[in-house]
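A.B. asks: Protein chains in written order, with this note's numbering: chain A, 1 to 299; chain C, 300 to 598.
1. Taking only beta-carbon positions, decide if residue 411(C) is within less than 8 Å of chain A.
2. Under the rule that 16 or more other beta-carbon atoms within 10 Å means buried, what is residue 589(C), buried or exposed?
3. In whole angstroms, what separates the C-alpha of residue 533(C) from that of residue 554(C)?
4. Flag residue 119(A) as yes if its beta-carbon sits less than 8 Å from any beta-carbon of chain C, otherwise no.
5. Give the interface partners of residue 143(A) over in chain C, defined as CB-CB distance under 9 Å, in chain order.
6. Determine the chain C residues that contact residue 139(A) at a beta-carbon separation under 7 Å, and present them in chain order.
7. Around the C-beta of residue 557(C), are 16 or more other C-beta atoms found within 10 angstroms, so that it is buried, or is it exposed?
8. For residue 276(A), does the three-state DSSP call read helix, strand or coil?
9. Contact criterion: CB-CB distance below 8 Å. Does residue 374(C) meet it with respect to chain A?
10. Look at residue 449(C) and residue 141(A) and say whether their C-beta atoms are less than 8 Å apart.
11. Out of 110(A), 115(A), 108(A), point me to the one whose CA is closest to residue 410(C)'s CA.
12. Alpha carbon to alpha carbon, how far is residue 324(C) from residue 265(A)?
13. Apart from the five residues on each side of it in sequence, which residues of its chain come closer than 7 Å, Cβ to Cβ, to residue 107(A)?
14. For residue 158(A), I'd like the list of residues in its chain whose CB is within less than 7 Å of its CB, leaving aside the five on either flank, ordered along the chain.
15. What are the partner residues of residue 398(C), as DSSP defines its beta bridges?
16. Can you tell me which of the three DSSP states residue 340(C) falls into?
17. Taking a contact to mean a Cβ-Cβ separation below 8 Å, would you say residue 495(C) touches residue 373(C) in this structure?
18. Answer with buried or exposed for residue 5(A), where buried requires no fewer than 16 other C-beta atoms within 10 angstroms of its C-beta.
19. Assuming the contact rule is C-beta atoms closer than 8 Å, residue 117(A) and residue 86(A) should be a hit. Round their C-beta distance to whole Å, please.
20. Going by the CB atoms, is the gap between residue 225(A) and residue 316(A) shorter than 8 Å?
21. Mind checking whether residue 404(C) and residue 394(C) have CB atoms under 8 Å apart?
22. Whose Cβ in chain C lies nearer than 7 Å to the Cβ of residue 174(A)?
23. With residue 82(A) and residue 47(A) assumed to form a contact (beta carbons below 8 Å), what rounded beta-carbon distance in angstroms separates them?
24. Quick one: what's got a C-beta closer than 7 Å to residue 272(A)'s C-beta in the same chain, skipping five residues either side?
25. Answer yes or no: do residue 490(C) and residue 446(C) have a C-beta to C-beta separation smaller than 8 Å?
26. Listed in chain order, which residues of the segment 197-209 of chain A have Cβ atoms closer than 7 Å to some Cβ of chain C?
27. Put residue 594(C) into one of helix, strand or coil per three-state DSSP.
28. Short check: CB of residue 326(C) to CB of residue 155(A), under 8 Å?
29. Please return the same chain residues whose Cβ sits closer than 6 Å to the Cβ of residue 7(A), not counting the five positions on each side in sequence.
30. In chain order, what residues of the same chain have a beta carbon less than 8 Å from the beta carbon of residue 573(C), not counting five sequence neighbours either side?
31. Measure the beta-carbon distance from residue 231(A) to residue 168(A) and round it to whole angstroms, keeping in mind my assumption that it falls under 8 Å.
32. Measuring straight from C-alpha to C-alpha, what distance separates residue 511(C) and residue 362(C)?
33. Alpha carbon to alpha carbon, how far is residue 65(A) from residue 203(A)?
34. Tell me whether residue 136(A) sits in a helix, a strand or coil according to DSSP, three-state version.
35. Note down, in chain order, each residue of its chain lying with its Cβ closer than 6 Å to the Cβ of residue 208(A), except the 5 sequence neighbours on either side.
36. Quick check on the DSSP output: what are the complete beta strand (DSSP E) runs of length 3 or more inside the segment 167-191 of chain A, in order along the chain?
Laid out in structure tokens, this is it:
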């Protein structure tokens with residue numbers, strides 16, 4: 001990876017402040033019901049690269065939002081993401097024992113607790129976003145809540161999971177695969193960037209439109225790269241069971257396009273994502289770096 | 300049951316408009332992902348007595364809210380309730396095959412779909428409450444969203460489920476049982492009434508305080524009556540597997556207090572609930588009738 005120290009230290013800073021904000025928003029494990037709170041913290045803290053928080057902050061900075069307001073958008077999206085992983089790993093879904101190199105939530109605790117962890121994390125995301133006076137303009141705050149609710153629901157992330165389930169063993173076209181990912185991972189990635197952008201007090205429609213375009217392309221690129229990594233990486237470096245999607249007969253960009261064309265697609269999506277940002281010059285540097293970070297993970 | 304025709308026809312009207320509003324808010328089953336939407340509708344429509352919607356409307360009318368605004372509060376709460384039943388019936392939780400005399404959602408569809416149905420119904424509840432311009436006062440609307448998020452989460456309903464799970468096989472005191480139910484069912488019942496009350500444009504703090512007191516007592520009474528019915532009713536009339544809580548070694552008001560004292564407690568909670576409403580005379584009639592309806596179901 002060829003990313004500047006400047007980006008690396010920015011990203012580390014965002015990861016750290018996201019961790020702190022999540023730690024503060026999650027109930028302590030010594031508050032009843034203790035086991036549920038312990039499991040919610042287990043599933044949410046120390047979690048990965050925080051790509052969604054990075055997107056919220058990069059988009060928010062580009063739209064001149066205050067960092068402490070972006071934090072709340074970022075942790076709400078991270079909570080939705082964490083809940084989706086907990087439920088996705090459960091035996092009735094992907095039945096995955098490992099997540100980020102650790103036992104997945106239902107293995108560390110039990111299935112019933114994992115189910116409630118996901119449920120309660122979703123509630124907590126909306127609790128965070130509906131904190132009184134989080135935004136000076138309450139209508140603006142309502143729009144943010146609405147955006148996350150739509151992105152999480154049956155026409156967004158949860159719907160994408162349903163399409164994913166229905167696609168096991170099916171032979172999908174690239175268009176059908178794209179439709180699935182636009183919902184399953186794309187909707188929340190787009191929401192992360194838009195929630196960051198909407199955290200600004202004064203909204204610049206042209207910038208928000210550029211962010212929307214960027215986030216949609218990056219959301220797909222993210223999934224293409226995930227499929228490439230799933231094919232290439234071994235269990236040790238990925239921290240989850242590698243090759244699992246191919247094993248379980250799920251269509252991926254690699255199974256449909258082959259490895260070489262999938263890599264070309266990732267590059268095309270990167271180029272497409274940053275296109276509307278070019279007129280902003282140095283102001284868009286962070287977003288461009290983040291797009292590189294997302295599309296160049298591991299290769 | 301000795302309730303006036305007036306109440307019965309009021310309740311039937313609310314049940315009907317709630318059904319219509321839910322039908323309108325739920326995505327059609329012919330919209331992708333079709334199976335998920337079909338299952339969301341299966342789990343939510345044609346559903347029971349709609350006690351939470353009745354509470355929202357009775358409290359909303361008492362606080363002079365407009366019916367079409369109360370509808371949105373009522374269906375959001377009913378969606379949260381429906382999702383909790385779907386998840387609660389799953390094999391890793393109560394493992395119940397029947398719900399309201401029909402196969403429970405995971406039996407009618409499958410476990411993975413039931414998991415996603417619950418997840419997507421929760422998102423949809425917050426989508427409904429965050430509709431743009433639902434309330435003239437946006438800050439007021441945010442308070443409503445926040446109230447439901449807290450009531451649904453780890454310090455409310457989901458937390459109550461966790462306490463319930465931890466109590467299987469345990470010998471609880473009446474106080475511990477009460478603590479569990481205040482969270483598991485009480486939080487959402489209280490939210491239903493408060494969301495109805497807060498649907499008013501002008502808030503009367505004294506009335507809202509009376510509603511809060513009423514809803515908390517009725518929430519507990521509801522559970523005491525549930526435990527009595529679970530003991531007394533047979534599977535046919537209840538539409539779920541009767542005696543299941545006792546069979547699974549879960550503490551209930553009947554196992555702790557015995558049937559006779561549980562009935563006395565239900566009456567005491569009824570008296571307590573309506574106490575602060577007495578000064579309002581005929582204006583509180585609907586709330587008193589509803590309290591009778593809840594505490595006199597089946598005996």
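Heads up, the beta-carbon is just placed ideally off N, CA and C, and yes, glycines get one too.
C.D. replies: Taking the structure as given:
1. On the second chain, residue 411(C) is found 112 positions in, with the first residue counted as 1. It does; some Cβ of chain A falls within 8 Å.
2. In the second chain, residue 589(C) corresponds to position 290, counting from 1. Buried, by the Cβ-count rule.
3. In the second chain, the residue the question calls residue 533(C) occupies position 234. In the second chain, the residue the question calls residue 554(C) occupies position 255. With a pLDDT of 49 at residue 533(C), under the threshold of 50, the modelled position of this residue cannot be trusted; read the value that follows with caution. Rounded to the nearest angstrom, the two C-alpha atoms are 17 Å apart.
4. Counted from its first residue, the first chain places residue 119(A) at position 119. Answer yes: the Cβ-Cβ gap between residue 119(A) and chain C drops below 8 Å somewhere.
5. Position 143 of the first chain, counted from the start, is the residue given in the question as residue 143(A). By Cβ distance, chain C contributes 429, 431.
6. The residue labelled residue 139(A) in the question sits at position 139 within the first chain. Those are 437, listed as they occur along chain C.
7. What you label residue 557(C) is simply residue 258 of the second chain in a count that begins at 1. With fewer than 16 other Cβ atoms within 10 Å, it is exposed.
8. On the first chain, position 276 is the one that residue 276(A) refers to. Here DSSP, grouped into helix, strand and coil, assigns residue 276(A) to helix.
9. Numbered from its first residue, the second chain carries residue 374(C) at position 75. Not one chain A Cβ lies under 8 Å of residue 374(C).
10. The count along the second chain starts at 1 and reaches residue 449(C) at position 150. The count along the first chain starts at 1 and reaches residue 141(A) at position 141. Not a contact, by the Cβ cut-off of 8 Å.
11. The sequence position of residue 410(C) within the second chain is 111, counting from 1. When only C-alpha atoms are compared, the closest one is 115(A).
12. Residue 324(C) sits at position 25 when you count from the first residue of the second chain. Residue 265(A) sits at position 265 when you count from the first residue of the first chain. Straight-line Cα distance between these residues: approximately 38 Å.
13. Position 107 of the first chain holds residue 107(A). Once the five neighbours on either side are set aside, the close Cβ partners of residue 107(A) are 97.
14. In the first chain, the residue the question calls residue 158(A) occupies position 158. Excluding residues within five positions, the ones whose Cβ falls inside 7 Å are 152.
15. Counting from one through the second chain, the residue named residue 398(C) turns up at place 99. DSSP lists 401(C) as partners of residue 398(C).
16. Translated into the one-based positions of the second chain, residue 340(C) becomes position 41. If DSSP states are grouped into helix, strand and coil, residue 340(C) belongs with the helices.
17. The residue labelled residue 495(C) in the question sits at position 196 within the second chain. The residue labelled residue 373(C) in the question sits at position 74 within the second chain. Yes. Within cutoff.
18. Working through the first chain from its first residue, we reach residue 5(A) at position 5. Answer is exposed; the Cβ neighbour count stays below 16.
19. The count along the first chain starts at 1 and reaches residue 117(A) at position 117. The count along the first chain starts at 1 and reaches residue 86(A) at position 86. Indeed they touch by this definition, with Cβ atoms about 5 Å apart.
20. Because chain A in this structure spans residues 1 to 299, residue 316(A) falls outside the shown range and cannot be described.
21. Here residue 404(C) corresponds to residue number 105 of the second chain, with the count starting at 1. Here residue 394(C) corresponds to residue number 95 of the second chain, with the count starting at 1. No; because the gap between Cβ atoms is not below 8 Å, this pair is not in contact.
22. For the purposes of this step, residue 174(A) is taken as residue 174 along the first chain, with counting starting at 1. The contacting residues do not exist; residue 174(A) stays about 17 Å from chain C at best.
23. Position 82 of the first chain, counted from the first residue, corresponds to residue 82(A). Position 47 of the first chain, counted from the first residue, corresponds to residue 47(A). Right, their Cβ atoms sit about 6 Å apart.
24. For this step, residue 272(A) is matched to residue 272 along the first chain. Closer than 7 Å at Cβ, skipping near neighbours: 217.
25. Here residue 490(C) is taken as the residue at index 191 of the second chain, counted from 1. Here residue 446(C) is taken as the residue at index 147 of the second chain, counted from 1. Yes, the pair counts as a contact, with Cβ atoms nearer than the cut-off.
26. none
27. As a working note, residue 594(C) is residue 295 in the second chain. Residue 594(C) falls in the helix class under three-state DSSP.
28. Mapped onto the second chain, residue 326(C) falls at position 27. Mapped onto the first chain, residue 155(A) falls at position 155. Against a cut-off of 8 Å, the Cβ pair of residue 155(A) and residue 326(C) comes out as a contact.
29. Residue numbering aside, residue 7(A) sits at position 7 when the first chain is read from its first letter. The residues are 289.
30. As a first step, residue 573(C) is located in the second chain; it is residue number 274 there, counting from the start. Closer than 8 Å at Cβ, skipping near neighbours: 513, 583, 586, 587, 590.
31. Taking the first residue of the first chain as position 1, residue 231(A) is located at position 231. Taking the first residue of the first chain as position 1, residue 168(A) is located at position 168. Their Cβ separation, rounded to whole angstroms, is 18 Å, which puts residue 231(A) and residue 168(A) out of contact at 8 Å.
32. Within the second chain, the letter at position 212 stands for residue 511(C). Within the second chain, the letter at position 63 stands for residue 362(C). Distance between the alpha carbons of residue 511(C) and residue 362(C): 12 Å.
33. Numbered from its first residue, the first chain carries residue 65(A) at position 65. Numbered from its first residue, the first chain carries residue 203(A) at position 203. The straight-line gap from Cα to Cα measures roughly 9 Å.
34. Translated into the one-based positions of the first chain, residue 136(A) becomes position 136. Reduced to three states, the DSSP call for residue 136(A) is coil.
35. The count along the first chain starts at 1 and reaches residue 208(A) at position 208. These residues qualify, in order along the chain: 197.
36. none
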